[in-house]
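Data block below; observations after.
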Amino acid sequence: MADVKKKQKVSKNKKKNWRKVDITDVEEHLEEKRLEERTGGPAAEKPDKSLFVVDTVASAEHQEVAPKSVKSYKNIKLQCFQNLEPDPRIQPAKIKRNVRIDSIKKKALPVRKQLEVGYLRPAKRQAEQQRKKAKVAKKEKMEKILSPVVATYNLWEEDHNCEELDEHYALVTKKKLPSAPSHLKQRPSEVPAVEVPTGGASYNPSYDEHQQLLRTATHRELRKLKQQRKIERATTDMFPDRRNAPTEQTWLHEMSEGLALVDEDVEQEDVIADGFPNAPVRAHERKVRQKRRREQQEKRLLDKIKKQKVDKQRMGEIYRLRSIRKEIDEHEKCAEERKQLKLEKLAKYKNKPKRLGSIKYVEPDLELKLSEELSESLRTLKPEGSLLEDRFRSFQKRCILEPRRRQNIVKKYKRKTYENKTHREVV
Amino acid sequence: MGKMKKKFESGAATSYISRNQALKKLQLTLPDFRRLCILKGVYPHEPKNKKRANKGSTANKTFYYLKDIQFLSHEPLINKFRQFKIFVRRLKKAVAKNNPEAAARLRDNKPLYELHHLVKERYPTFVDALRDIDDALCMCFLFATFPRQKRVYMEMVELCRRLSVEFMHYVICSKSLKKVFVSIKGIYYQAEIMGQTINWIVPHQFSYNPPLDVDFRIMATFTEFYTTALGFVNFRLFQLLGMHYPPNLSLWTTIHRTEQGEELCCEEEVGNERMAALNQLLEMQTTSVEEEEALPDNFPLGSTADDTSHVEEARKEAEAHKKLQSLFRGLKLFICREVPRESLVFIVRSFGGEISWDTTVCIGATYGEDEESITHQIIDRPSILGKQYLSRYYVQPQWVYDCVNARTLLPTQDYLPGAVLPPHLSPFVDEAEGDYIPPEKQSLLNQQQGVDGAIAMSRQSESSVEDEEYADKEERESSAAESSDEDEEEGKEDEEEEEEEKEGAETKEENAVVTRKRRRNSAEKESVQKKSNIAVEKGIPESKAQSERADFFSNKEEKKLAVMMIPRKRKRLYEKIIYGQKRKTREALKLQEKRKAHDKVKRKQGGAAAAE
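Protein sequences, first through last, are from chains U and A. Our numbering puts the first residue of the first sequence at 9, with every later residue one more than the last. Our numbering puts the first residue of the second sequence at 102, with every later residue one more than the last.
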């Protein structure tokens, strides 16, 4: 149907358009007719005899019939084996070769196969590519995690990427961080990171140095004991123990200490302070308006005199400019000295651990070996102290960490207990 | 009149911020905040006036500078922390819901962060990083020794190990090690790298015991930052030295084939172990590296005398250092079991020596015990087991450490196996003028200054008897150490004394055995020494005495004049200083007297014991 051309629609009332009418089919038909007439009329009208011949004579080869031999009999298939023969009605299996892929249901294939075959919609193809990329990225990432190399480039090499950017733009887009406060570059304390102990802490110390170390350790220990003793004296020792605890008797005795006998009470009643706390105002002592005025006048006068005096003094001071200068100088000198003292004090406490939290830094105990513990050789040396703790304390000493006390984990809720009604303990 | 000022709206009250306020401002939890502070290098501060900063209250709080906290708020790491928080939450949920697929997926996409920018920010130049590398080294060397445990990631431990080995390789290659001190806590090292003095401590082997009151999480955070910093520092150091980073062994393939190590563990592990053996050269990046001669120029300076003396001092120091760098050059050492292998290898190789060990001790041995060219064998047992070679000295490990600190090769007589060792003195103690110097150190100093290596060697050969006496004296000192007349000692010391005295007789017997042994050893050594020392003549000390004397007097006169010229204002200060100096010398003299008396007593006791 596709190849049949659509007839051109033309109005046929005009002679001009007659030519446009397609008459090829009509002409073809007519041409056919004419051809038939030329060849002796149409075949349908012709008699059978003029068209067909009956062949009655057999050909030479067909006349020869092969003699029946024993062999031929042998080839005759038995009826009983006919089941084994292939059924002629069943068509042989067609194994398709060179089949176009369009005929297979491509969607049923796994994606990887589809990709191999070349059949994938763009979205899926893109997804597959992305998956591949992700896989590679993941592998790289894992390699990065597993590989122990930290640095692959020189960190301190100049790179100009950031400098090219506009300052404001770089800051806003976080391509550049704001500059650090200047005090961040200063060390919080001048104490060195690694404090090497004195020679007494050697594994095989000299006699003098070892004794020196023992002595300092003893002094420290004694000081600590003394402080502890002081605290005890101020707290525990202040209270009596059970044996010396006050009884009712002693309490009564103590409370009645210094009290006079009952007879003496009468005498004490007489000793009451005479007069009232505020004495009553008499008539002649009342302040009248006139009196008040006069008092005020007097006061004003006094003030005036005082002010005059002060002014005079001030005027007079012009003559003692020198001594004033001296005074000022002295004052300044004092201030300078105080400032110096303060600076000295600051310098003195500069390397001391500072108070950085609720807990004070406590200097850890000195690591030492007693004389009998000293080892003969390096082989038998037993290390003293923990280096991890040493580092931790060092951070605290250098004001990098604040001292802390280890927090115990507190259970938030109390365990609830129930009593099963069927199994009561107490009936 | 202007507006009335309100309290706590300016000054200390606004420049400080308490920790809780900071937490609220940054919307972080306390652990996260602590981590951020450690990574960024923000520390708490004690306000000058607590009451003002704390708005009237005197409670002790942790304060930070407000500006620091504001600076922290810009850190992109905070966002990473938040992402991690969400990650943990989701992971927990997936695990709780028994959803392993989701958990695996989440684990794969675990948010990571890098600290490169922080290293750059905190240490803008490489020298800044070097100045602060002490901490990093200590932490890395410490973490590298940690066993597998719950609170520490194994990756971190491995990384620390690797970084520390790399750093040791650098020190070996650059020969920048200067001092070593074996203390009861660990081994202290000092190196000088690019003009920076770097100290670090390495724990003894197998000395890990978990401390109770150390916040492990905090220490791990420190280590996290320090590993990053040390990684970059290592990179730069290797680069400066013209070496390949990450380091490769120069003789990798050939040895790998011959060894059978790969049967035991995988190839990478063998590589790491071999690297950690510290016994091989590393691959250079460029074939020819120009060695930088850092010697100061020789031109004369026309400036003041003080300046020239400084220059002279510096030159002398540089020369001494150069000499020290090749202290063990030409020596071939062999170490037995039960000796701190890593430390010894590190030291010997840093000073140019060769060292090896038994193949069964550790991977990476280069020659065996039967090598004839071995000069010293380090042994830490009272007697030598197996075959004894006459061609080598047998010494205790302390000899190596003491040689480094003395800056010369010490005579081996005092360090023979089983001998009572001379004390191991700290090289980190610098005595000021007039301080008391113990006689052991004094003898060492004398040796360093006046007597050079050659003379020391001659002394070693010719005066073995003298040395023996000296050693005996030492022994007596150490054995009778407790029986001194120290009246200010504690009670436990007194108990010690009694015990020591009981043991005295036994130790004497042992001493006798030791001395006999030593006599035999020294005889052997003499035979060896006679061959080698044929060409050496006894050094003649220069006679400087007269010129020194003249100098001294002229100096004294000058000094007198200078003192006279001091104005009255400063005079008091000067007198104070002089007074302090005198007091110091007085104390030193006192100590010397004490020591003399102590030595005398011991000698007497020793003599009495010998008579018995």
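Glycine residues also receive a C-beta, built at the ideal position from the N, C-alpha and C atoms. These numbers come from a predicted model, not from an experiment.
Counted within 10 angstroms of its Cβ, other Cβ atoms place residue i as buried (16 or more) or exposed
i: Pro55/U; result: exposed
i: Ser187/U; result: exposed
i: Tyr675/A; result: exposed
i: Pro132/A; result: exposed
i: Asp233/A; result: buried
i: Ser410/A; result: exposed
i: Gly554/A; result: Because Gly554/A sits at a pLDDT of 42, beneath the cut-off of 50, its placement in the model cannot be relied upon, and the following sentence gives the value as read from the coordinates. By the 10 Å Cβ count, Gly554/A comes out exposed.
i: Pro361/U; result: buried
i: Asn416/U; result: exposed
i: Lys279/A; result: buried
i: Tyr271/A; result: buried
i: Glu694/A; result: exposed
i: Leu396/A; result: Only weak support is given to the placement of Leu396/A: the predicted model assigns it a pLDDT of 47, under 50, and the value that follows is read from those uncertain coordinates. Leu396/A is exposed by the Cβ-count criterion.
Interface residues of chain A facing residue i [CB-CB closer than 7 Å]
i: Glu375/U; result: Ile285 and Lys286
i: Glu410/U; result: Pro145 and Thr163
i: Lys341/U; result: Chain A residues near Lys341/U: none, gap ~14 Å exceeds 7 Å.
Assumed close pair residue i, residue j - CB separation to whole angstroms, cut-off 8 Å
i: Lys433/A; j: Ile475/A; result: 5 Å
i: Ser730/A; j: Ile288/A; result: Chain A is shown only over 102 to 713; residue 730/A falls outside these bounds and no answer can be derived.
i: Tyr495/A; j: His525/A; result: No, Tyr495/A and His525/A are not in contact; Cβ-Cβ is about 19 Å, not under 8 Å.
i: Ala154/A; j: Pro148/A; result: 4 Å
i: Phe746/A; j: Leu216/A; result: Outside the displayed span of chain A (102 to 713) sits residue 746/A, for which this structure offers no information.
i: Leu376/U; j: Ala209/U; result: 7 Å
i: Ile336/U; j: Glu325/U; result: No, Ile336/U and Glu325/U are not in contact; Cβ-Cβ is about 13 Å, not under 8 Å.
i: Ser444/A; j: Val258/A; result: Their Cβ separation, rounded to whole angstroms, is 19 Å, which puts Ser444/A and Val258/A out of contact at 8 Å.
i: Arg228/U; j: Leu374/U; result: 7 Å
i: Val315/A; j: Glu397/U; result: 5 Å
Contacts that residue i makes with chain U (C-beta to C-beta distance below 7 Å)
i: Gly715/A; result: Nothing about residue 715/A can be reported from this structure: the residues present for chain A run from 102 to 713 only.
i: Glu439/A; result: Arg387
i: Lys221/A; result: Leu163
i: Asp236/A; result: Ala201
C-alpha distance - residue i paired with residue j, whole-angstrom precision
i: Lys41/U; j: Gln90/U; result: 57 Å
i: Pro288/U; j: Val296/U; result: 17 Å
i: Asn83/U; j: Pro94/U; result: 17 Å
i: Ala689/A; j: Val228/A; result: 40 Å
i: Ala343/U; j: Gln548/A; result: 55 Å
i: Phe400/U; j: Arg139/U; result: 47 Å
i: Val449/A; j: Leu425/A; result: 12 Å
i: Leu382/U; j: Gln220/U; result: 15 Å
i: Tyr468/A; j: Glu455/A; result: 10 Å
i: Met761/A; j: Leu545/A; result: With chain A covering 102 to 713 only, the question about residue 761/A has no answer from this structure.
i: Lys683/A; j: Pro539/A; result: 19 Å
i: Gln543/A; j: Ser214/U; result: 12 Å
i: Asn622/A; j: Gly708/A; result: Residue confidence for Asn622/A is low, a pLDDT of 48 falling below 50, so the modelled location carries little weight; the figure read from the coordinates is stated next. Going from the Cα of Asn622/A to the Cα of Gly708/A covers about 24 Å.
i: Thr258/U; j: Thr243/U; result: 23 Å
i: Asn150/A; j: Lys147/U; result: 56 Å
i: Ala421/A; j: Ala145/U; result: 54 Å
Under 9 Å by beta carbon: chain A residues contacting residue i
i: Asn162/U; result: Phe227, Phe333, Phe336, Arg337 and Gln340
i: Asp311/U; result: None at all; the shortest Cβ gap to chain A is about 25 Å.
i: Glu397/U; result: Pro312, Leu313, Asp314 and Val315
i: Ser264/U; result: Near Ser264/U there are no residues of chain A at all, since even the closest Cβ is about 44 Å away, more than 9 Å.
Contact set between residue i and chain U, taken where Cβ atoms lie within less than 8 Å
i: Asp471/A; result: Neighbours of Asp471/A on chain U: none; closest Cβ ~24 Å, over 8 Å.
i: Lys162/A; result: Gly365 and Ser366
i: Met344/A; result: What Met344/A touches in chain U: nothing, since even the nearest Cβ is about 13 Å away.
i: Gln497/A; result: Ser385 and Leu386
9 Å Cβ cut-off: residues of chain U touching residue i
i: His477/A; result: By Cβ distance, chain U contributes nothing, its closest Cβ being about 16 Å from His477/A, past 9 Å.
Under 8 Å by beta carbon: chain A residues contacting residue i
i: Thr206/U; result: Ser527 and Val530
i: Lys146/U; result: Asp209
(request) Using a Cβ-Cβ cut-off of less than 9 Å, list which residues of the region 208-221 of chain U approach chain A; keep chain order. (result) From the region 208-221 of chain U, only Gly208, Ala209, Ser210, Tyr211, Asn212, Pro213, Ser214, Tyr215, Asp216, Glu217, His218 and Gln219 have a Cβ closer than 9 Å to chain A.
(message) Under 9 Å, CB to CB, which of the residues in the region 183-196 of chain U have a partner in chain A?
(response) Among the residues of the region 183-196 of chain U, those with a Cβ less than 9 Å away from any Cβ of chain A are Leu185, Pro186, Ser187, Ala188, Pro189, His191, Leu192, Lys193, Arg195 and Pro196, in the order of the chain.
(request) Using a Cβ-Cβ cut-off of less than 8 Å, give me the residues of the region 166-179 of chain A that come near chain U, in sequence order. (result) Listed in sequence order: Tyr166, Lys168, Asp169, Phe172, His175, Glu176 and Pro177.
(message) Which residues of the region 251-279 of chain A have a Cβ closer than 7 Å to any Cβ of chain U? Give them in chain order.
(response) Across the region 251-279 of chain A, CB contacts with chain U closer than 7 Å involve Glu259, Leu260 and Arg263, in sequence order along the chain.
(request) Anything in the region 207-218 of chain A with a Cβ closer than 7 Å to a Cβ of chain U? List those residues in chain order, please. (result) For the region 207-218 of chain A, which is checked against every Cβ of chain U, the residues closer than 7 Å are Asp209 and His217.
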